[in-house]
Structure formats: C-alpha cells, structure tokens
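**Q**
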Amino acid sequence: MMRIGVLALQGAFIEHLRTLETIGVTGVPVRLPADLEGLSGLILPGGESTTMRNLIARWGLREPILHLAREGAPIFGTCAGMILLAAEISDGDPSVFGLLDVSVKRNAFGRQLDSFEAELAVPVLGDRPVHAIFIRAPIIERVGPDVDVLARLDD
C-alpha cells in the first residue's frame, strides 16, 4: 500500500493526514528522520514557514528529506510548504530545500485581516473547482522554465 508522509512539526498536517485517509492512502506523520523510511512521497503542509524551518533544522530533517527527493519521491508543498521548497525567497530568508525553481514572497496577500477564500480551477484534478483558503499566503513571483503551474489566481 502507498504510504505518503506529511511533515507534522507545525501547521495544517492533520488536515492532510485526514484527506489521505479519505482517499484510501496511508498517511504517515513525519517528525523525525526515521519517519521518512519507506515513504512513496511527502507533503509539506501550510503553517508558519520560519517555525517549520527552525524545527526542520532542530530535528535533523533537511538532509533526509533532500535524500528522499533525490531518490525520486514526489514532494508537494502547500503555502508554507511551498516556501520551504522554493529555490528563492524574495524577502531574503534562506532557501530550505531549493527543490522548486520558483521565487516566492511570503505573506504577499497582507495581514491576517486580508485573508480570503476563492474557487480555483485546477485542470489536472478535473473540472470541479477547488476551494482555496488564503491566510497570509505567499505569492510566486518567478517560475522556472521546467515548472508546471497547476493553478492561478486572477489578480
């Protein structure tokens, strides 16, 4: 059976684990390097990217996650997870993994009060729109030539 890890240090990891369970995939909370063994892929959830970066360093997860990626396992990041994957963070913070050839700006939609929800077309997931929640969300400012954009939010 497919086993997908969800980085479970902080943030929206419970929601991702529940979604995996709903679709019949075994979700594995990842808190330590040993939790990565035998995974088919990894999800880096939303949350607070600076806190997640610090916890990744504290628990020694950076190199084991990079190893998983080098072995060909897909790694998917939402919100803070995407920031962790980005090659460049425009406000000067260091890149954590640098696996995704994009430049991101953290908290690009403003303060907590500026949070909003929107329906997004994501063609690779079918015809039904995806309900997206933007809470102090990042924005992708540059996309590398080999990056496939799955969805866009109109300005």
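Take the position in the sequence shown, starting the count at 1, then add 15; the result is the number in the working numbering. Don't be surprised by glycine CBs; every beta carbon is placed ideally from N, CA and C.
Output the boundary residues of the alpha helix (DSSP H) element that contains residue 84.
**A** 77–85
**Q** Please list the terminal residues of the continuous beta strand (DSSP E) segment that includes residue 151.
**A** Run containing residue 151: none; DSSP gives neither H nor E here.
**Q** Taking the continuous beta strand (DSSP E) assigned at residue 18, which residues delimit it?
**A** 18–22
**Q** So is residue 97 buried or exposed if we call it buried at 16+ other beta carbons inside 10 Å?
**A** By the neighbour-count rule (16 or more Cβ atoms within 10 Å), residue 97 is buried.
**Q** For residue 21, count the other beta carbons within 10 Å of its own beta carbon; 16 or more makes it buried, fewer makes it exposed. Which is it?
**A** buried
**Q** Could you tell me which uninterrupted alpha helix (DSSP H) segments, each at least 4 residues in length, are contained entirely in the region 26–60, listed from first to last along the chain?
**A** Complete alpha helix (DSSP H) runs here, min 4: 28–37.
**Q** My guess is that residue 154 and residue 111 are in contact by the Cβ rule of under 8 Å, so how many angstroms apart are they, rounded?
**A** So it is not a contact: roughly 18 Å between Cβ atoms.
**Q** Considering just the uninterrupted stretch of the beta strand (DSSP E) at residue 95, what are its terminal residues?
**A** Careful: residue 95 lies outside any beta strand (DSSP E), inside the alpha helix (DSSP H) at 95–100.
**Q** What residue range does the alpha helix (DSSP H) around residue 64 cover?
**A** 64–73
**Q** Take residue 116 and list the residues in its own chain whose beta-carbon comes closer than 7 Å to its own, dropping the five residues that flank it on each side.
**A** 102, 159, 161 and 162
**Q** Can you name the start and end residues of the beta strand (DSSP E) that residue 118 belongs to?
**A** 115–120
**Q** Taking its Cβ as the centre, do 16 or more other Cβ atoms sit within 10 Å of residue 168, making it buried, or is it exposed?
**A** Looking at its Cβ environment, which holds fewer than 16 other Cβ atoms inside 10 Å, residue 168 is exposed.
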